[in-house]
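Each residue of the sequence shown is one higher than the last, beginning at 54 in the numbering used here. See structure below.
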Amino acid sequence: MNVLVADIGGTKIAAGFSDGSGRINCRVEVKSASHDAEAMFESLHTAFFDVLNQGKITYEEIDVISLGVPGVVDAANGVAVFQNNLPWRNFPLANRLRSAFPNASIIMDNDVYMAAFGEWKAQMLEKETFAYVTISTGISGCILHEGKFIRGRGLAGEVGFSVMEDKDEVQTLESLASGPAMEAKARRVFGDPTMTTKKLMELYEELDPKAAIVVQQAAKYIARGLHQLFTVLDPHVIVVGGGVINNQPQFLKLIQKELEHLSDNPIQKGMSTRLKPSHYKGDAGLQGALHCALEKNREYQK
């Protein structure tokens, strides 16, 4: 089974090819042309074209295309309904891809759901309750129970919307502890309009006291959001990924420490040990899309 996978984002598209073995054999990244719907689709097409060239595979040989798309996705009908960081509005993505790949079935879902599925597979869970939280440009989450997504009306697991403070205005976890939120606060603290989240983390590793203030406060907020998930769902595992976390193991340890402080009830003892780093890191979306394709194929063969 030949599979094309893609993790679509507002700044870049990662794409890959697998022969169905469970490994991604070829992988490319292209910039997202997020100024226009058709240009964005051409970015995806270019990514797939580059992958096919690498693998010396033709369009007709592709059996499955599996995609992670941000925002609201109509997975059943293959429509990219609404994306904050993309120009697609009710864009018939599956139909457009079928025009180029006549023999391929199309699988689509929200990008965080795809990443969550990949991380769930990496944990080798079966009957357990599992949650995945990504901390990056935004903060989002997804829940699986016994390998099935818990979607609610569509926003289940969206811990980024959790209210952390309510003073003059509502402050959510995402508005206080996402990458851009940390960056904005660091710029105020340092008085430096060029400060980035990456530089902030570097200064934190160097024990800079100003950086410690910003990072520790963000860790406290994130720990509170995770504590809500643990308290309501009592999941066996929560995996935390995303750009802010993946390359910062010390930040995750700080979050675990803050979580311990919140878990003073004896029945919640050991909660922080159920918090795990991402296995696939930046490739979680691609791996999840591949695992989803392989799972669908197994179900079809039964």
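Here a beta-carbon is modelled for each residue, glycine too, at the ideal position from N, C-alpha and C. Since the model is a prediction, treat every value here as computed from it, not as a measurement.
- The residue from Asn-78, His-98, Pro-262, Gly-75 with its alpha-carbon nearest to that of Ala-86 is His-98.
- The DSSP-derived three-state label of Pro-330 is strand.
- The beta carbon of Val-58 is closer than 6 Å to those of Gly-69, Ser-119, Leu-339, Ala-342, Leu-343 in its chain, skipping five residues each way along the sequence.
- Straight-line measurement puts the Cα of Tyr-166 at about 9 Å from the Cα of Val-122.
- Rounded to the nearest whole angstrom, the C-alpha separation of Arg-204 and Ala-168 is 15 Å.
- For Gln-224, the enclosing beta strand (DSSP E) has its first and last residue at 223-225.
- Residue burial annotation: Met-54 is exposed, with fewer than 16 other C-beta atoms found within 10 angstroms of its C-beta.
- Per DSSP, Cys-345 has no beta bridge partner at all.
- In the DSSP secondary-structure assignment, Ser-158 is bridged to Val-117.
- Judged by their CB atoms, Pro-330 and Pro-302 are nearer to each other than the 8 Å cut-off.
- Put simply, the region 204-222 does not touch the region 319-338. Fewer than three CB pairs are less than 8 Å apart.
- Leaving aside the five residues that flank Met-235 on each side, the residues in its chain whose CB is nearer than 8 Å to its CB run, in chain order, Thr-250, Leu-253, Val-267, Val-268, Ala-271, Val-297.
- C-alpha of Cys-195 to C-alpha of Phe-214: approximately 13 Å in a straight line.
- In the three-state reduction of the DSSP assignment, Leu-286 falls in the helix class.
- A straight line joining the alpha-carbon of Gly-335 with that of Gly-244 spans about 31 Å.
- Rounded to the nearest whole angstrom, the C-alpha separation of Gln-107 and Asp-317 is 54 Å.
- The secondary-structure analysis by DSSP pairs Phe-183 across a beta bridge with Leu-197, Val-290.
- Shown here, Leu-260 sits in coil according to DSSP, grouped into three states, outside any helix or strand.
- Per DSSP, Lys-310 has no beta bridge partner at all.
- Non-local C-beta neighbours of Tyr-274 in its own chain, meaning closer than 8 Å and more than five positions away in sequence, comprise Met-217, Leu-226, Leu-229, Ala-230, ordered along the chain.
- Gly-278 sits buried, since 16 or more C-beta atoms from the chains shown fall within 10 Å of its C-beta.
- His-332 sits close to Glu-172, with the two beta carbons spaced by under 8 Å.
- For Ile-77, there is no enclosing alpha helix (DSSP H), as DSSP marks it with neither H nor E.
- Taken atom to atom, the span from the alpha-carbon of Gly-200 to that of Gly-75 is near 18 Å.
- Each residue's CA atom was taken as its position, placing Gly-73 and Ile-192 some 31 Å apart.
- Exclusion of the five residues before and after Pro-140 leaves Ser-87, His-88, Asp-89, Ala-90, Met-93 as the residues of its chain whose Cβ lies within less than 7 Å of its Cβ.
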